[in-house]
Amino acid sequence: MIRNSASEMASKLASGEITSVEITHAHLDQISAVDRDVHAFLHVDTEGALDQAAAVDAKRKNGERLSPLAGVPLALKDVMTQKGIPTTCGSKILKGWRPPYDSTVVANLKKNDIVILGKTNMDEFAMGSSTENSAYGPTHNPWDLTRIPGGSGGGSAAALAAFEAPLAIGTDTGGSIRQPAAVTGTVGVKPTYGGVSRYGLVAFSSSLDQAGPCARTVLDAALLHEAIAGHDPKDSTSINAPVPAVVAAAKAGNVKGMKIGVVKELNGDGYQKGVRTRFEESLELLAAAGAEIVEVSAPNFEYALAAYYLIAPSECSSNLARFDAMRYGLRVGDNDGASAESVMNLTREVGFGREVKRRIILGTYALSSGYYDAYYGSAQKVRTLITQDFNKAFEKADVLVSPTCPTTAFKIGEKANDPLAMYLNDIATIPVNMAGIGGMSLPSGVAEEDGLPVGFQIMSPVMKDERMYSVGAALEAALLSKWGAPLLSTIPALAGSK
Amino acid sequence: MTSLSRDDVAKLAGLARIEMSDQELVSLSNEFTVILDAVARVQEVAGADVAPTSHPLPLRNVFRPDVVIPSLLPADALSGAPAQEDQRFRVPQILGEE
Chain A
0 MIRNSASEMA
10 SKLASGEITS
20 VEITHAHLDQ
30 ISAVDRDVHA
40 FLHVDTEGAL
50 DQAAAVDAKR
60 KNGERLSPLA
70 GVPLALKDVM
80 TQKGIPTTCG
90 SKILKGWRPP
100 YDSTVVANLK
110 KNDIVILGKT
120 NMDEFAMGSS
130 TENSAYGPTH
140 NPWDLTRIPG
150 GSGGGSAAAL
160 AAFEAPLAIG
170 TDTGGSIRQP
180 AAVTGTVGVK
190 PTYGGVSRYG
200 LVAFSSSLDQ
210 AGPCARTVLD
220 AALLHEAIAG
230 HDPKDSTSIN
240 APVPAVVAAA
250 KAGNVKGMKI
260 GVVKELNGDG
270 YQKGVRTRFE
280 ESLELLAAAG
290 AEIVEVSAPN
300 FEYALAAYYL
310 IAPSECSSNL
320 ARFDAMRYGL
330 RVGDNDGASA
340 ESVMNLTREV
350 GFGREVKRRI
360 ILGTYALSSG
370 YYDAYYGSAQ
380 KVRTLITQDF
390 NKAFEKADVL
400 VSPTCPTTAF
410 KIGEKANDPL
420 AMYLNDIATI
430 PVNMAGIGGM
440 SLPSGVAEED
450 GLPVGFQIMS
460 PVMKDERMYS
470 VGAALEAALL
480 SKWGAPLLST
490 IPALAGSK
Chain B
0 MTSLSRDDVA
10 KLAGLARIEM
20 SDQELVSLSN
30 EFTVILDAVA
40 RVQEVAGADV
50 APTSHPLPLR
60 NVFRPDVVIP
70 SLLPADALSG
80 APAQEDQRFR
90 VPQILGEE
């Protein structure tokens, strides 16, 4: 039962074949069985999830009209607030904090009767590409427990691949939904910036952060996308326009006559051989499905990584100033006569991990007088150039594609002491965030040399998110008929797994 | 090549309100030499004729109707406070004695 897709679970719930309490129990059992090894969850809300499931079952029994995913369980990244439930962002500075309010994403999940199983592990404040920066220990990739599950949303992606949840919420600032999806053989979507409310998403880099759906199929991601998206007056950067028709696009999966642009700069040297092979194969399948493949060039993408590692730290140095030990969270050194300033200094020393400190200091430097124009100012100009590259490319193609990441999942610890090598993971995902457009990663098979999953990235223009779902669904269908079964059916079994 | 000395990092850490050990200051100063070299590449293409982008959406002056809506009760707002007194956040001394 737990190996079904969310939409299969939804139909079984609708027909009365199973109840939400049963399916929630099944997932809680799986979490008990495998999460000691995977460590996808930071908090499991057994009681809350079962209460919510029982309430949906009662509504269904009374013949109430329910949303398409009503009663299906979900794992929530620990960066989204949920009233009364611990929300740590993977940081010691928020240990034990229980938010007094729901984020808009959580309010929408509850409105749709989607059952929230618990909170998933992540790099501290979403800063990282491996989930090794969590203050609560790393998450392990279910394909190979010695490897990283990607980051920052490694917990959400690993929960899907380990069948601990059929749906999850992630957030993507530079690839934190798409890169974990790629290395775990799951689907992850970063909607257009402003498509999903940021209210209650603990801010890392406000002009880049975007919450989105994670799932095991393109249709499941689309169903979750429509459940959480839409205008929210509580987020001034939320787009006041109808939600793109992503479910219809995912159901049709039609790419006939579509122009698919291969970004020349996001391939080639530095990309693992098996990653390139899978990418070429996917292009052939899309061409066979009726799409026209064209090549596009985005010459300024090579500067995206550098610009990102100025813009994101700059915004984070400002956003994380709110963790000041005064109103919530950790407080250290509050002895008689200690000044507020010394309490802040000591609390932030103990409460923040190394990568967070590194980025706060880098951002403080990039924004400081005398260096602002050379660093933050120049990075903002690069952002303009990247957006112009996208605009030109979208004149030639309806969507753009690339491998999601240059390599498959690396070993835990392998890059932990080399920040620049770690940052290179996000080379293909970052341009999307800089321009605020939509991006999806879906599994395109495994690399021959290591047997690990490879992601295929699709990028669509602002508020044309339905296009990436059309292409994603078409490719998924073509790969499924080639393989005969979903990629995750080949994942090695975890000890104790149901 | 740009580099940040141990003392530069100490000054930035002070501005960012983060206490740091000497060892941490030295290792960050070494890392920043490498990181700044990598990020300084943005200066290669950022010509004077390029306008900066601070945000992906061209939004300006977003308003909402000026109506009263439910908000947090004092007990909720204080629920995560490290210390509280008389329905207020109790904080360490901010101003000096003198």
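Just so you know, the sequences run in chain order A and B. Heads up: the first sequence at position 307 corresponds to 306 in numbering that gives the first Met the number 0, and the numbers run straight through without jumps. Heads up: the second sequence at position 55 corresponds to 54 in numbering that gives the first Met the number 0, and the numbers run straight through without jumps. All residues carry an ideal CB built from backbone N, CA and C; glycine is no exception.
Quiz item: Which chain B residues are close to glycine 131(A), counting only those with a beta carbon under 8 Å from its beta carbon?
Solution: Sequence inspection shows glutamate at residue 131(A); the glycine mentioned does not correspond to that position. Per Cβ cutoff of 8 Å: no residues; glutamate 131(A) is ~17 Å from chain B at best.
Practice problem: Along the beta strand (DSSP E) that carries serine 440(A), what are the first and last residues, could you check? | Solution: DSSP places serine 440(A) in the uninterrupted beta strand (DSSP E) bounded by 437 to 445.
Quiz item: Would you call the region 139 to 153 of chain A and the region 110 to 127 of chain A in contact, with 3 or more CB pairs under 8 Å?
Solution: yes
Practice problem: Using beta-carbon positions only, say whether serine 296(A) and lysine 263(A) come within less than 7 Å of one another. | Solution: yes
Quiz prompt | Residue ranges of each alpha helix (DSSP H) within the region 400 to 472 of chain A, 4 or longer | solution = Listed in chain order, the alpha helix (DSSP H) elements of length 4 or more contained wholly in the region 400 to 472 of chain A are 418 to 422, 429 to 434.
Practice problem: Just the C-alpha distance for valine 25(B) and arginine 5(B), rounded to the nearest angstrom, thanks. | Solution: Between valine 25(B) and arginine 5(B), the C-alpha separation is close to 5 Å.
Quiz item: Using the C-alpha atoms, what's the distance from isoleucine 426(A) back to threonine 386(A)?
Solution: 16 Å
Practice problem: Can you tell me which of Met439(A), Ser129(A), Ala473(A) puts its alpha carbon nearest to the alpha carbon of alanine 408(A)? | Solution: When Met439(A), Ser129(A), Ala473(A) are compared, the shortest CA-CA separation from alanine 408(A) is found for Ser129(A).
Practice problem: Report the neighbours of arginine 382(A) on chain B: residues whose CB is nearer than 7 Å to its CB, in chain order. | Solution: Thr52
Exercise. Verify whether the separation of the beta carbon atoms of serine 469(A) and asparagine 253(A) is less than 7 Å.
Key: yes
Practice problem: Name, going along the chain, the residues of the region 188 to 221 of chain A whose beta-carbon falls closer than 7 Å to a beta-carbon of chain B. | Solution: Tyr192, Gly193, Ser206
Exercise. Taking C-beta pairs closer than 9 Å, name the residues in chain A that arginine 59(B) reaches, listed in chain order.
Key: In chain order: nothing, as chain A lies at least about 10 Å away.
Quiz item: Does the beta-carbon of lysine 414(A) have 16 or more other beta-carbons within 10 angstroms, so that it is buried, or is it exposed?
Solution: Buried.
Quiz item: Of all Cβ atoms in chain B, is any one closer than 7 Å to the Cβ of serine 368(A)?
Solution: no
Quiz item: Under three-state DSSP, which class holds phenylalanine 31(B)?
Solution: helix
Quiz item: Using the beta-carbon count (16 or more within 10 Å), is threonine 185(A) buried or exposed?
Solution: buried
Quiz item: At a cut-off of 6 Å, is valine 66(B) close to the ligand GDP when judged by its beta-carbon and the heavy atoms of the ligand?
Solution: Although the ligand GDP was asked about, the structure shown includes no ligands whatsoever.
Exercise. Compare the C-beta of alanine 125(A) against all C-beta atoms of chain B and say whether one is closer than 7 Å.
Key: no
Quiz item: Going along the chain, which residues of its own chain have a beta-carbon closer than 6 Å to the beta-carbon of leucine 399(A), five neighbours each way excluded?
Solution: Gly260, Val262, Ala392, Met458
Quiz item: Would you call the region 332 to 351 of chain A and the region 277 to 296 of chain A touching, i.e. three or more CB-CB distances under 8 Å?
Solution: no
Quiz prompt | Three-way DSSP call (helix, strand, coil) for phenylalanine 124(A) in this model | solution = helix
Quiz item: Between which two residues does the alpha helix (DSSP H) containing glutamate 280(A) stretch?
Solution: 272 to 287
Quiz item: Taking Cβ positions, are leucine 41(A) and aspartate 77(A) nearer each other than 7 Å?
Solution: yes
Practice problem: Kindly indicate which three-state DSSP category leucine 319(A) falls into: helix, strand or coil? | Solution: helix
Self-check item: Which residues DSSP lists as bridging glutamine 92(B), in chain order
Solution: DSSP links glutamine 92(B) through a beta bridge to Ser338(A).
Quiz item: Got a sec: which bits of the region 434 to 451 of chain A sit with their beta carbon under 7 Å from any beta carbon on chain B, in order along the chain?
Solution: Within the region 434 to 451 of chain A, the residues whose Cβ lies closer than 7 Å to any Cβ of chain B are, in chain order, Ala434, Gly435.
Quiz item: Thinking C-beta only, is alanine 50(B) closer than 7 Å to threonine 383(A)?
Solution: Going by C-beta atoms, threonine 383(A) is nearer than 7 Å to alanine 50(B).
Quiz prompt | Beta-carbon proximity of alanine 69(A) to leucine 116(A), cut-off 7 Å | solution = no
Quiz prompt | Sequence-distant residues of the same chain with beta carbon closer than 6 Å to leucine 329(A), five excluded per side | solution = Ile92, Thr346, Gly350
Quiz item: Are the region 469 to 482 of chain A and the region 207 to 222 of chain A touching, with three or more C-beta to C-beta distances below 8 Å?
Solution: yes
Quiz item: CB-CB under 6 Å to serine 175(A), same chain, minus the five flanking residues each way: which ones, in chain order?
Solution: Ala125, Ser151, Gly152
Practice problem: Please confirm whether alanine 181(A) and threonine 406(A) have their CB atoms less than 7 Å apart. | Solution: no
Quiz item: Listing by chain order, which chain B residues have their CB less than 7 Å from the CB of asparagine 344(A)?
Solution: Arg16, Ile17, Glu18
Practice problem: Drop a sphere of 10 angstroms on the beta-carbon of valine 66(B), count the other beta-carbons inside from all chains shown, and report buried for 16 or more, exposed for fewer. | Solution: exposed
Quiz item: Taking all protein chains shown into account, do 16 or more other C-beta atoms lie within 10 angstroms of the C-beta of proline 241(A), making it buried, or fewer, making it exposed?
Solution: exposed
Quiz item: Between the C-alpha atoms of tyrosine 374(A) and glycine 256(A), what's the straight-line distance to the nearest angstrom?
Solution: 43 Å
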